[in-house]
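If you read the sequence shown in the numbering used here, its first letter stands for residue 614, the second for the next number, and so on. One structure is given below, encoded as structure tokens.
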Amino acid sequence: MPIAELQSRLQSCYELDLPYRVEDFLTTDRDLARALDGEHAHQPRERLLLQESGDELSMSLYLDAELLDGFRDSGSLAGTGRHQFADLSLVLEGVSHFVYMAWCAGHEREVSLLELELQAEVDKFVTLLLLQAENDQYGIAELHRWLFEDVHFAETLDDEQRQRYVTANRFAARYCWMLGQDFRRRQDRQHWYKELRRFYRLQHDAKLRRITALQ
Numbered sequence: 614m615p616i617a618e619l620q621s622r623l624q625s626c627y628e629l630d631l632p633y634r635v636e637d638f639l640t641t642d643r644d645l646a647r648a649l650d651g652e653h654a655h656q657p658r659e660r661l662l663l664q665e666s667g668d669e670l671s672m673s674l675y676l677d678a679e680l681l682d683g684f685r686d687s688g689s690l691a692g693t694g695r696h697q698f699a700d701l702s703l704v705l706e707g708v709s710h711f712v713y714m715a716w717c718a719g720h721e722r723e724v725s726l727l728e729l730e731l732q733a734e735v736d737k738f739v740t741l742l743l744l745q746a747e748n749d750q751y752g753i754a755e756l757h758r759w760l761f762e763d764v765h766f767a768e769t770l771d772d773e774q775r776q777r778y779v780t781a782n783r784f785a786a787r788y789c790w791m792l793g794q795d796f797r798r799r800q801d802r803q804h805w806y807k808e809l810r811r812f813y814r815l816q817h818d819a820k821l822r823r824i825t826a827l828q
């Protein structure tokens, strides 16, 4: 499937208008990713690469070549099965990072790494939840458990990175549980999408306050 379909789904979900296509920023060059991400960085299969020079921000999305080829050969998103969710969620995380960073840059907003990871976790849950709904599957609790409880963090992460991922996971789990229950209850999902779009536009501290305030 084309990676543009993921970008299109995210933009439609959040009502975003972006002048950039993720395909134009893709790279599978592992050596380039290593050079831009620091010589001591671990080698993930997905990484948003950023370089700032004055007021300019340069951005590339690195995806492992095998991961990207498998995604492109996997058919339509509508037919995605649970066994394919792992690779799909990894590609989706990268596209989420790209879209969020591009949108924030277009609005001259600074973005923290925690904010970037938190929004990606929400984007993965929402996209996979909607895919399940298209396939008449509503395993919301199972999806939530798979994304937020049965999660393993890479051993190569340093303490700061690990803490960031753990924190993003914890906050996203709480927010997405509310989203999942609300999705199940409502037939008219206008309010559900309104909440998603409002949350997307909140900045770091406001996102955390919104989640902390949940009962």
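Cβ atoms here follow ideal geometry from the backbone N, Cα and C, with glycine treated the same way.
Residue i burial status per 10 Å Cβ neighbour count (16 or more: buried)
i, result
"Ala819", "exposed"
"Glu665", "exposed"
"Asp677", "buried"
"Lys807", "exposed"
"Ser625", "exposed"
"Gln803", "exposed"
"Gln816", "exposed"
"Ala646", "buried"
Beta-carbon proximity of residue i to residue j, cut-off 8 Å
i, j, result
"Leu629", "Trp716", "yes"
"Trp790", "His757", "yes"
"Arg797", "Ile753", "yes"
"Gly707", "Leu741", "no"
"Leu674", "Leu705", "no"
"Phe784", "Leu760", "no"
"Leu731", "His710", "no"
"Val712", "Leu792", "no"
Residue i versus residue j: straight-line alpha-carbon distance, rounded
i, j, result
"Ala699", "Asp644", "24 Å"
"Pro657", "Leu703", "10 Å"
"Glu768", "Tyr778", "12 Å"
"Arg634", "Ala617", "7 Å"
"Ala826", "Asp642", "43 Å"
"Met672", "Ser725", "15 Å"
"Leu623", "Asp772", "31 Å"
"His720", "Leu649", "25 Å"
"Met714", "Leu619", "15 Å"
"Lys737", "Leu770", "21 Å"
"Leu744", "Leu680", "20 Å"
"His765", "Arg775", "10 Å"
"Glu659", "Glu636", "14 Å"
"Leu701", "Gln800", "27 Å"
"Arg722", "Val739", "23 Å"
"Ser621", "Glu755", "26 Å"
Endpoints, the alpha helix (DSSP H) within which residue i is located
i, result
"Tyr788", "Asp772 to Arg798"
"Leu743", "Leu726 to Glu747"
"Val704", "Phe698 to Gly719"
"Gln803", "Gln803 to Arg814"
"Glu618", "Ala617 to Tyr627"
"Leu821", "His817 to Thr825"
"Phe761", "Ile753 to Phe761"
"Ala646", "Arg643 to Asp650"
For residue i, the first and last residue of its enclosing beta strand (DSSP E)
i, result
"Gln664", "Glu659 to Ser666"
"Tyr675", "Glu669 to Leu676"
Neighbourhood of residue i by C-beta, 6 Å cutoff - its chain only, sequence neighbours within 5 removed
i, result
"Leu670", "Ala718"
"Asp795", "Trp805"
"Leu663", "Met672"
"Tyr627", "Arg810 and Tyr813"
"Arg685", "none"
Sequence-distant residues of the same chain with beta carbon closer than 8 Å to residue i, five excluded per side
i, result
"Tyr788", "Val735, Phe812, Arg823, Ile824 and Leu827"
"Glu652", "Unreliable placement is indicated for Glu652, whose pLDDT of 43 sits below 50; the coordinate value is still reported in the next sentence. Nothing meets the Cβ criterion."
"Asn782", "Glu734, Phe761 and Val764"
"Leu727", "Arg777, Thr780, Ala781 and His817"
Contact test: residue i Cβ vs the ligand GDP heavy atom, cutoff 7 Å
i, result
"Gln624", "Ligands are entirely absent from the displayed structure, and the ligand GDP is therefore not among its contents."
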